[in-house]
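Enquirer: Before we start, here is the structure in question, set down as structure tokens.
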Amino acid sequence: MRTLWLLASRDLGAAWRSSGLWLPVAFLLLVASLYPFAVGPDLTLLRRTGGGMLWIAALLASLLPVDRLIAPDRDAGVLDQMALRGIGDEMVVLARLIAHWLGFGPPLMIATLPAAALLKLDGDTILMLEAGLLVGTPALAALGLLVATLTAGLRSSGALAGLLALPLAVPLLIFGAGTLGDGSGAALKFLAAASLLLVAITPFAGGAAIRAGRE
Amino acid sequence: MSGVASGAGLHLSDVACLRGGRMLFRGVSLTLDAGGSALLTGPNGVGKSSLLRLCAGLLPAFAGTVERHGAVALADERLALDSELPLARALDFWARLDRSADGAVAAALDAMALAPLADVPVRMLSTGQRKRAMLARVIASGAPIWLLDEPGNGLDTASLALLGAAVAAHLASGGIVVTASHQPLPLGAPVVLSLTDHLPDPAEWDA
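The listed protein sequences correspond, in order, to chains A and B. Number 27 in full-length UniProt numbering belongs to position 27 of the first sequence; there are no gaps in the numbering. Number 196 in full-length UniProt numbering belongs to position 196 of the second sequence; there are no gaps in the numbering.
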């Protein structure tokens, strides 16, 4: 537990210092401010499509930090030094998942508020959007991290990361955007299920990927 | 140099290493007990670094067994320190993971004459200073088994003497040091292991 805390606080500190935390937030706000210019100031159209647009923006924003999640530490020998100390690769990935979500999920949820204002979303939609993001951002963080462990050590990993992540992210997008027009709450439950699955497998799959990449 | 447990040991028996479909060496045996040191020699690409990673447990042995008694500290070509952090804090992260004694980082910085640079960000360090920072990381870990890959690269004469003193103190306290180097280092009287004597027989391997 102490090790997990030490690793996660280091990862969060490193993300803060590299100012990588602002990238997804800035991206989301950029999309939200450009979207009305692209489709025109039609209030009903913005209201109807704005929520889905923000989900697309959140999904793409989750891919932005992928290349700095694992590869720099792998190249600097940090992952090997952790393995030397008997720290399992699963533990390393789990700590990173916690730190990555803390640095990615809550800032994105806060940025959604001004973004929703730019798109003139109503109160109920904003509430569903925030609930969906609360449930869905752990999955987006896990997916980004999983892809980062798989592509660390490859050249031009950024483009490959996008190709790998997008098919896996489609269910999240369908259920996430589905929560907005769905009164029954079923979409939110599906989103939660997908989120649980991704969060549960990422430490093991990511740990295995790091081990396999060790040479 | 406190915290080195007695009873440290490193035993390799008949170890072979296969990398990228190529047999690098085979039949390597080495027995080091507390206070023992070894020097791996051989030309570039003969597998010195691979043998160190094998000793560390980061590479599986293709054949033979590797036994370690005690924690391992590895200094290879990669620094493994957060480049944005001041040197002392970057070292402190590993020291806390290792549960090193209070003051272990300060003592290690002193041993490598890095104390004046404790507040300098790691990315600002020169090549030789980075090498010394890496050695300070090894010293602060308190691990009994040190694996040093070309520790003398980029070090000036004064720093080489510091390295020699640190290794001597570590061995005197019951530690183990395995060094890979192609240049002479002030390391006392280590067991010399030349990997050129353990090259696989090409005819046998091709068959």
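Built from N, CA and C at the ideal position, the CB exists for glycine as well.
#1: Quick one: what's Phe-25 (chain B) bridged to in DSSP?
#2: Counting along the chain, where does the alpha helix (DSSP H) carrying Ala-61 (chain B) start and finish?
#3: Over what stretch of residues does the beta strand (DSSP E) that includes Ile-139 (chain B) continue unbroken?
#4: From Gly-164 (chain B) to Leu-10 (chain B), what distance separates their C-alpha atoms?
#5: Cα separation between Ala-73 (chain B) and Ile-176 (chain B)?
#6: Given Met-1 (chain B), which residues of its chain have a CB within under 7 angstroms of its CB, disregarding the five upstream and five downstream residues?
#7: Among residues of its own chain, excluding the 5 on either side of Ala-71 (chain B), which ones have a beta-carbon nearer than 6 angstroms to its beta-carbon?
#8: Using a Cβ-Cβ cut-off of 8 angstroms, state whether Gly-52 (chain A) counts as contacting chain B.
#9: Looking at C-alpha atoms only, which residue of B:Val-192, B:Trp-94, B:His-198 and B:Thr-196 is the closest neighbour of Met-39 (chain B)?
#10: So which residues on chain A does Ala-80 (chain B) lean against when the C-beta distance must stay under 8 angstroms?
#11: Tell me the rounded alpha-carbon separation between His-100 (chain A) and Ser-49 (chain B).
#12: Shorter than 8 angstroms from the beta carbon of Leu-135 (chain B) to some beta carbon of chain A?
#13: Just to make sure I have the definition right: I need the residues of chain B whose C-beta is within less than 8 angstroms of the C-beta of Thr-3 (chain A). Which are they?
#14: Can you give me the C-alpha to C-alpha distance between Leu-185 (chain B) and Gly-152 (chain B), rounded to a whole angstrom?
#15: Checking contacts by CB at 8 angstroms: is Trp-146 (chain B) closer than that to chain A?
#16: For a quick check, are the C-beta atoms of Val-25 (chain A) and Pro-138 (chain A) less than 8 angstroms apart?
#17: If I'm right that Asp-197 (chain B) touches Arg-85 (chain A) with Cβ under 8 angstroms, what's the distance once you round it to whole angstroms?
#18: Note down the Cα distance separating Leu-69 (chain A) from Gly-42 (chain B), rounded to an integer number of angstroms.
#19: At 8 angstroms on the CB atoms, spell out the chain A contacts of Phe-62 (chain B), in chain order.
#20: Measure the alpha-carbon distance for Ile-126 (chain A) versus Leu-166 (chain A) and round it to whole angstroms.
#21: Applying the criterion that 16 or more other CB atoms from any shown protein chain within 10 Å of the CB defines a buried residue, is Leu-110 (chain A) buried or exposed?
#22: What three-state label does DSSP hand Ile-70 (chain A) in the structure shown?
#23: In chain order, what residues of the same chain have a beta carbon less than 7 angstroms from the beta carbon of Leu-135 (chain B), not counting five sequence neighbours either side?
#24: Thinking just about the alpha-carbon of each residue, which of B:Ala-90, B:Arg-132, B:Gly-57 and B:Asp-119 is nearest to the one in Ala-161 (chain B)?
#25: Using only alpha-carbon positions, find the residue among A:Leu-154, A:Leu-63 and A:Leu-140 that is nearest to Leu-198 (chain A).
#26: Whole-angstrom Cβ separation of Leu-146 (chain A) and Thr-202 (chain A), contact assumed at under 8 angstroms?
#27: Determine whether the beta carbon atoms of Gly-153 (chain A) and Gly-213 (chain A) lie at a separation below 8 angstroms.
#28: Establish whether the CB of Ala-14 (chain A) and some CB of chain B are separated by less than 8 angstroms.
#29: Step through the CB atoms of chain B and report whether any lies within less than 8 angstroms of the CB of Leu-84 (chain A).
#30: Closer than 9 angstroms by beta-carbon distance: list the chain A residues that pair up with Leu-74 (chain B), in chain order.
#31: Does Leu-6 (chain A) come within less than 8 angstroms of chain B when only Cβ atoms are used?
#32: To which residues of the same chain is Ala-15 (chain A) closer than 7 angstroms at the C-beta, ignoring the five residues directly before and after it?
#33: Can you name the residues of chain B whose CB is closer than 7 angstroms to the CB of Arg-10 (chain A)?
#34: Looking only at DSSP bridge pairs, what is Gly-9 (chain B) linked to?
#35: How many Å lie between Ala-161 (chain A) and Leu-4 (chain A) at the Cα?
#36: Apart from the five residues just before and just after Leu-28 (chain A), which ones in its own chain have a Cβ nearer than 8 angstroms to its Cβ?
Expert: In short, the structure shows the following:
#1: B:Cys-17
#2: Element bounds for Ala-61 (chain B): n/a, residue is neither H nor E.
#3: Per DSSP, Ile-139 (chain B) belongs to no beta strand (DSSP E); it is in the alpha helix (DSSP H), 127–141.
#4: 21 angstroms
#5: 10 angstroms
#6: Low local confidence applies: a pLDDT of 42 at Met-1 (chain B) is under 50, so the model's placement there is unreliable, and no value is given.
#7: Ala-143
#8: no
#9: Here residue 39 (chain B) turns out to be Leu, not Met, going by the sequence shown. Taking only the C-alpha atoms, the option nearest Leu-39 (chain B) is B:Val-192.
#10: Ala-76, Gly-77, Val-78, Asp-80 and Gln-81
#11: 33 angstroms
#12: no
#13: Leu-97
#14: 7 angstroms
#15: no
#16: no
#17: About 33 angstroms; that fails the 8 angstroms criterion.
#18: 37 angstroms
#19: Simply none; closest approach about 13 angstroms.
#20: 25 angstroms
#21: Note on identity: in this sequence residue 110 (chain A) is Ile, with Leu being the wrong assignment. Looking at its Cβ environment, which holds fewer than 16 other Cβ atoms inside 10 Å, Ile-110 (chain A) is exposed.
#22: coil
#23: Ala-75, Met-112, Pro-151, Leu-163 and Ala-166
#24: B:Arg-132
#25: A:Leu-140
#26: 5 angstroms
#27: yes
#28: yes
#29: yes
#30: Gly-77, Asp-80, Gln-81 and Leu-84
#31: yes
#32: Leu-21, Ala-99 and Gly-103
#33: Phe-93
#34: B:Asp-33 and B:His-69
#35: 26 angstroms
#36: Leu-54, Ala-57, Ala-58, Ala-61, Leu-108, Ala-111, Thr-112 and Ala-115
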